[in-house]
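Colleague: Residues 54 to 670, numbered by the numbering used here, are exactly what the sequence shown covers, in order. Let me give you the structure first, and then I'll get to my questions.
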Amino acid sequence: MPNQLFSNQPIFLTLVELLSYRAHNQPDQKVFTFLQSGEVETAALTYAELHLQAQTIATKLQSIAQPGERALLLFQPGLEFVVAFFGCLYAGVIAVPAYPPRRNQSLSRLQSIATDAEATIVLTTSSLLATIQTAAPDTLMLSDLQWVATDLLSEALADHWQSPPITRESLAFLQYTSGSTGDPKGVMISHGNLLHNSALIQNCFQDTPESQGVSWLPVYHDMGLIGGVLQPIYVGAQTVLMSPMDFLQKPIRWLEAISHYGATTSGGPNFAYDLCIQKITPEQLEKLDLSRWELAFTGAEPVRADTLEKFAATFAPCGFRKSAFYPCYGMAETTLIVSGGAKTAAPPVLSVDAMSLELNQVVISAKPQDTDRQIVGCGQTWLNQQLLIVHPETQVPCADDAVGEVWVSGSSVAQGYWNRIEQTAQVFRAVPVMPESEATDAAHASTFLRTGDLGFLHNGELFITGRLKDMIIIRGQNHYPHDIERTVETSHDALRAGCGAAFAIDFKGAERLVVVQEVERSYLRKIDEQAVASRIKQSVSVHHGLDIFATVLVKTGSIPKTSSGKIRRHACRIEFLTGSLDVVKDWSENPQGTKKFLNLQAEIESIYQSLKSEKVS
């Protein structure tokens, strides 16, 4: 599969070849700029500097590790992570990006990743190393791991660098999934996966060396690392990076950077656009110029049609065009992107009968009704990728306009899960059950990745409807939790957008709906809990035909989320059952008989999770 962008650019087999080419042909071109506090330039890297610093770290790694060993990357937001990542690649060491530890935060997830990856080295900075050693001296098997402070290494080491024995098939890094149950899995991403997916992104985004990016996305996740760091190097463009926390604290910083640097490409999950709508003031709008923003990608969670409409309307006075929105679909197991549309096309939106959708059928409304569900298309797949919609139980491909599990095949699909042979076979090696008339069809001869996502194809366009494992089934009907969550959060001004979880519990042999929802901080002291609960109950009843078994309002910032901002519904369910939510107020349909029953169920869940953790370790 070719991965060249222009006729005079060679075909690269590894990312080391790619960066070496850039450093040789455009050494003085700036590739990354970092904004401290999301506002002030404090660091920058040219291609030559990145190449030299990567060689420096690689030489150190080659002196203490063998190719194929794993190195945990622990860095606060900044360019040090980028250099360390390429340092691993230049040494043939497998990088393991991880969420940097926070003060007073449990390091259990970090410990799980280090153990699962069988890491032998930790790359970090001298300041963060001192903090970890002081705060948690017995954590992460300090005596068993070799810790390297990359900022203390001498660039003179680069003279002794030796090109590593790697190929397209060599693993570049392990991308650990969110792991909502404390059982994170390492997705094995090769150099070939990264180069193919970079070509796929470029095919979709149509970026060029003249493009300008801005990214606040976490670099230890696929969207931030591959989209925000590797893609600019692939096309020879420039990108401005900032901390995710700086964006979350003041969303205006993201748009100010886009405005100041004239960014052409930037984006994030749906919640990022919602946050801008909610937090940016009319006075701040007057100072923004978003007219050069050509492609505003949105993915990683359900793309909301109303979010696209509101954002476009709110920021139209700043020059933002709705046609710039670029909904796309992907996941760690496919390196990053799976599908996207034509860059110049407006995002397609279907108005679908909600009741039919619950029966896994797609009935498009000729005249949209208030009860319809608006679903945004996520484009098609490109290059040599294949998409199938498959019945998750029979594994027979579905007809168009029928909901099934999304299956993917192609060179961007990862190698599997690290040290998990059985799960790799189940998830990455699926074979559809084809009708006899199509059994010899060469297009379906390969194995597929089972994404676990539900969706359908309409005129070749992929529409995602939900997550298979999160599906709520009550009285034989399917309900998508993110639809219920959206209904809840919009039912009252006191409720925080993007901070709710809907899930089902088994109560006395029946599936019952539970809603957990954060309250806006400004309402905590003045909220009328009973009125809010009543509004939630009424809205869910009207829009979904469901009775709520339990409604729990929780404090701002307390609902379980992944480090990339996704709701951890399973973890929230466990906290509900164990009574460990930070509750403002809760209601139950049967408060007298519920508590004892749920305590027993929570005890069973707790024992199960303990046994699962012991098995993993």
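Where a beta carbon is used, it is the ideal one built from N, C-alpha and C, also for glycine.
Provide the residue(s) that pair with H532 in DSSP beta bridges, ordered along the chain.
Modeller: Under DSSP, the beta-bridge partners assigned to H532 are I525.
Colleague: Look at the alpha carbon of V595 and the alpha carbon of I64, and state the distance between them as a whole number of angstroms.
Modeller: 57 Å
Colleague: So P322 and E362 are supposed to be a Cβ contact under 8 Å. How far apart are they, rounded?
Modeller: About 17 Å; that fails the 8 Å criterion.
Colleague: Tell me which residues share the same chain as T518 and place their Cβ nearer than 8 Å to its Cβ, disregarding the 5 neighbours each side in the sequence.
Modeller: L410, I428, V456, L507, G508, F509 and Y533
Colleague: My output table needs one value for I517: the three-state DSSP class, helix, strand or coil.
Modeller: strand
Colleague: Please go through the same chain and pick out, in chain order, the residues whose beta-carbon is closer than 8 Å to the beta-carbon of Q255, but skip the five residues on each side of it.
Modeller: L58, Q284, Y287 and V288
Colleague: Use the C-beta contact count for D77: other C-beta atoms within 10 angstroms, 16 or more gives buried, fewer gives exposed.
Modeller: A small fix is needed here, since residue 77 is His in this sequence, not Asp. Result: exposed.
Colleague: Mark S465 as exposed unless 16 or more other C-beta atoms lie within 10 angstroms of its C-beta, in which case mark it buried.
Modeller: buried
Colleague: Quick one: residues in its chain with C-beta nearer than 6 Å to the C-beta of N413, no 5 flanking neighbours on either side, listed in chain order?
Modeller: V456
Colleague: Identify the continuous beta strand (DSSP E) that holds M241 and give its terminal residues.
Modeller: G239 to S243
Colleague: Starting from E94, follow its DSSP beta bridges and name the residues at the other end.
Modeller: L88
Colleague: Suppose the cutoff is 8 Å on Cβ atoms and the five residues either side in sequence are ignored; what does the same chain contact list for K396 look like?
Modeller: C257, F258, Q259, E347, L348 and Y379
Colleague: Can you list, in chain order, the residues of its chain whose CB lies under 6 Å from that of L66, leaving out five sequence neighbours each side?
Modeller: Hits under 6 Å: R221.
Colleague: Please identify the residue among G140, P445, I417 and A124 whose C-alpha is closest to the C-alpha of A111.
Modeller: The shortest C-alpha to C-alpha distance from A111 to any of G140, P445, I417 and A124 is the one to G140.
Colleague: Under a Cβ-count criterion, where at least 16 other Cβ atoms within 10 Å of its own Cβ denotes burial, should N512 be classed as buried or exposed?
Modeller: exposed
Colleague: Return yes when the Cβ of G91 is within less than 9 Å of the Cβ of E309, no when it is not.
Modeller: yes
Colleague: Tell me which same chain residues have a C-beta within less than 6 Å of the C-beta of V541, skipping the five on either side of it?
Modeller: G553, V568, Q570 and I589
Colleague: Near T173, what residues of its chain come up, given a Cβ to Cβ distance below 7 Å and the 5 sequence neighbours on each side ignored?
Modeller: A118, E122, R123, L198 and Q199
Colleague: Tell me the rounded alpha-carbon separation between S207 and Q106.
Modeller: Cα to Cα, the separation comes out at about 9 Å.
Colleague: Could you work out which residue in Y314, A365, T318 and S344 is closest to C329 when comparing CA atoms only?
Modeller: A365
Colleague: On the three-state DSSP scale, how would you describe V293?
Modeller: strand
Colleague: If you draw a straight line from the alpha carbon of G239 to that of P488, how long is it in whole angstroms?
Modeller: For G239 and P488, the distance between alpha carbons rounds to 35 Å.
Colleague: Specify, as a first and last residue, the run of the beta strand (DSSP E) that Q199 falls within.
Modeller: Q199 to A202
Colleague: Between P370, L403 and R520, which has its C-alpha nearest D342's C-alpha?
Modeller: P370
Colleague: Just how far apart, CA to CA, sit Y229 and K420?
Modeller: About 44 Å.
Colleague: Should the stretch 265–278 be called in touch with the stretch 300–320, which here means at least 3 C-beta pairs below 8 Å?
Modeller: Short answer: they touch.
Colleague: Drop a sphere of 10 angstroms on the beta-carbon of L577, count the other beta-carbons inside from all chains shown, and report buried for 16 or more, exposed for fewer.
Modeller: The residue is exposed, with fewer than 16 neighbouring Cβ atoms inside 10 Å.
Colleague: Does DSSP put H511 in a helix, in a strand, or in coil?
Modeller: When DSSP states are grouped into helix, strand and coil, H511 belongs to the strand group.
Colleague: Using a 10 Å radius around the Cβ and a threshold of 16 neighbouring Cβ atoms, would you call T447 buried or exposed?
Modeller: exposed
Colleague: Whose CA, out of I580, V293, D635 and Q591, lies closest to the CA of Q89?
Modeller: V293
Colleague: Tell me the DSSP secondary structure of Q662 in three-state form.
Modeller: Because the pLDDT of Q662 is 49, which lies under 50, any placement of that residue in the model is unreliable, and the number read from its coordinates should be weighed accordingly. When secondary structure is reduced to three states using DSSP, Q662 falls in the helix class.
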